[in-house]
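Numbering (the working numbering), first residue to last: 269 to 713. Here the structure comes first, spelled out in structure tokens, and everything after it is commentary.
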């Protein structure tokens, strides 16, 4: 975020100085308001060369973009040139935005299932291909088939100490000259995965009928829609520039800034198949900044003097289509999170950052979901130099409260696997962090 602000600031300063350089002497100017305004925009498009029924549309109830309260003042003496500017903007207000399409395409749910299937089987597929090549050479040399992978390994036809055989989520058995089988192990992320069979006579991989049928992807009409009730943006800033013969200093203050989205929804509906309806809803997203001050010159990285910022997301929901809920990875995730209605919900994400001066500040973070709550609270120090810029955490307290049984079980299994026990107060895990943000020291761990 800081890098983005600095890039925009540098661009703005460059344009301002370019304009000022064309003028010599004292300058005073102002502009009350300027911008673009649209109301009740509607546009529909139906391509001629596509299947009958395909169409696209966009609707906007109201759009307002512009700047206001612009003021510029330039004064010059024998030593330096002083430039002062104030501006409100860019300000944005977008109400009743709708963007949609009805298109005849392949079923994206089935396409996603195929991608996940191919990813799950990529390791055993590669391993079996290597085994098959090794068996061919072994059979040619020994005039018989190997009984197991050990025969291939001991006689140096196959290196089991390298990938993909080092991956212990699969084991392999030889039933030659009939088949080679890959079996998921108990540490496989999806232990319910069916064995993967390679038919030796046809030299092909045998998929289950349900998986094999996936590759016959049908096409159908899909209705996609993006609806936004309101997007608003307000900024108010001022800049003072002192231009000397050998350098240019500036002081930038963002008095107020807010970007807000109210009630956004994305839907995807296949024709005649409501079970695979997909929906994403976001009730509220807000990014706010206040009294953010940068001080520096155009030849070096500016320093942040102070500022406040808050990022908030409320009531974020994803409705997973029925066609994907039974995918092993998704099913495992839903069971762990204790989700039984295919809807992933996040009630609140809130990050607050306060920089009191150019060296110290505090951070607060809240995550609230039906399955997990996280609170982070602490201080930080900021080292702002061009050689070793760094953020250091101080007395940072992390509270993790698992709600669902699946999350509690997952954390406990992780503790057993790591041979550690996290510090707790009741059911809440308490961790304390200090040190560099990139690699903090975790106490009580």
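For each residue, glycine too, the CB sits at the ideal point set by N, CA and C.
Contact defined as beta carbons within less than 8 Å: I believe residue 592 pairs with residue 598. What is the distance between those atoms, to the nearest angstrom? Here residue 592 refers to the residue found at position 324 when the chain shown is read from its first residue. Here residue 598 refers to the residue found at position 330 when the chain shown is read from its first residue. Confirmed, about 6 Å.
I'd like the list of long-range same chain contacts for residue 586, defined as Cβ closer than 6 Å, with 5 residues on each side in sequence excluded. For the purposes of this step, residue 586 is identified with residue 318 of the chain shown, where counting begins at 1. Within the same chain, residue 586 has close Cβ partners 548, 612.
Are at least three pairs of beta-carbons, each pair with one atom in the stretch 348-364 and one in the stretch 381-389, less than 8 Å apart? no
Closer than 8 Å is the cut-off here; do at least three beta carbon pairs connect the stretch 387-402 with the stretch 334-347? no
Report back the beta-carbon spacing between residue 360 and residue 504 to the nearest angstrom; my notes put them in contact at under 8 Å. Translated into positions along the chain shown, residue 360 becomes position 92. Translated into positions along the chain shown, residue 504 becomes position 236. Not really, about 14 Å apart at Cβ, beyond 8 Å.
Per DSSP, which one or two residues make a beta bridge with residue 332? Here the question's residue 332 lines up with position 64 in the chain shown. For residue 332, which the question treats as bridged, DSSP gives the partners 305, 361.
Cβ pair residue 425, residue 406 closer than 7 Å: Within the chain shown, residue 425 is the residue found at index 157, counting from 1. Within the chain shown, residue 406 is the residue found at index 138, counting from 1. It is a contact, given that the beta carbons lie within the stated cut-off.
Give me the Cα-Cα distance between residue 222 and residue 533, rounded to the nearest whole angstrom. In the structure as shown, the chain starts at 269 and stops at 713, and residue 222 therefore has no counterpart that could be examined.
Could you pull the start and end residues of the alpha helix (DSSP H) that residue 686 belongs to? By 1-based counting over the chain shown, the position of residue 686 is 418. Counting along the chain, the alpha helix (DSSP H) containing residue 686 begins and ends at 673-686.
With burial defined as no fewer than 16 other Cβ atoms inside 10 Å of the residue's Cβ, what is the status of residue 347: buried or exposed? Counting from one through the chain shown, the residue named residue 347 turns up at place 79. Classification for residue 347: exposed.
Nonlocal neighbours in the same chain, by C-beta distance under 8 Å from residue 543, ignoring five residues either side: For the purposes of this step, residue 543 is taken as residue 275 along the chain shown, with counting starting at 1. 589, 590, 591.
Within 10 angstroms of the Cβ of residue 269, are there 16 or more other Cβ atoms? Answer buried if so, exposed if not. Position 1 of the chain shown, counting from 1, holds the residue named residue 269. Its pLDDT being 48, under 50, residue 269 is placed unreliably by the model, and the measurement read from it follows with that caveat. The residue in question, residue 269, is exposed, as its Cβ has fewer than 16 Cβ neighbours within 10 Å.
Spatial distance of residue 442 from residue 669 (CA atoms): Stepping through the chain shown from its first residue, residue 442 is reached at position 174. Stepping through the chain shown from its first residue, residue 669 is reached at position 401. Computed Cα separation, rounded: 47 Å.
Name the one or two DSSP bridge partners that residue 621 has. Residue numbering aside, residue 621 sits at position 353 when the chain shown is read from its first letter. Paired residue(s): 577, 631.
Secondary structure at residue 704, three-state DSSP: helix, strand or coil? By one-based count along the chain shown, residue 704 stands at place 436. Residue 704: strand per DSSP, three-state reduction.
One question on the structure: do residue 502 and residue 350 come within less than 7 Å of each other, judged by their Cβ atoms? As a working note, residue 502 is residue 234 in the chain shown. As a working note, residue 350 is residue 82 in the chain shown. For residue 502 and residue 350, no; Cβs fall outside 7 Å.
Host beta strand (DSSP E) of residue 670 (start-end): Residue numbering aside, residue 670 sits at position 402 when the chain shown is read from its first letter. Note, residue 670: beta strand (DSSP E), 658-670.
Contact set for residue 704: own chain, Cβ-Cβ below 8 Å, skip 5 residues either direction: Position 436 of the chain shown, counting from 1, holds the residue named residue 704. 658, 659, 660, 661.
Delimiting residues of the beta strand (DSSP E) encompassing residue 491: Here residue 491 refers to the residue found at position 223 when the chain shown is read from its first residue. Unbroken beta strand (DSSP E) run through residue 491: 487-511.
Return the Cβ separation of residue 330 and residue 310 in integer angstroms, given the expectation that the two are a contact with Cβ distance under 8 Å. Counting from 1 along the chain shown, the entry for residue 330 is found at position 62. Counting from 1 along the chain shown, the entry for residue 310 is found at position 42. About 13 Å separates the two Cβ atoms, so there is no contact after all.
If you reduce the DSSP assignment to three classes, tell me which class residue 423 lands in. Sequence index remark: in the chain shown, residue 423 carries index 155 (1-based). Residue 423: coil per DSSP, three-state reduction.
Where residue 389 falls: helix, strand or coil (DSSP): Here residue 389 refers to the residue found at position 121 of the chain shown. If DSSP states are grouped into helix, strand and coil, residue 389 belongs with the helices.
Under DSSP, the beta strand (DSSP E) around residue 444 begins and ends at which residues? As a working mapping, residue 444 is identified with position 176 in the chain shown. Run containing residue 444: none; DSSP gives neither H nor E here.
Between which residues of its own chain and residue 302 is the CB-CB distance below 6 Å, once the five residues before and five after are set aside? On the chain shown, residue 302 is found 34 positions in, with the first residue counted as 1. Correct list, in chain order: 334, 335.
Residue 652 and residue 571 look like a contact to me (Cβ under 8 Å); what is the Cβ gap, rounded to whole Å? Here residue 652 refers to the residue found at position 384 of the chain shown. Here residue 571 refers to the residue found at position 303 of the chain shown. Yes, they are in contact, since the Cβ atoms of residue 652 and residue 571 sit about 5 Å apart, within 8 Å.
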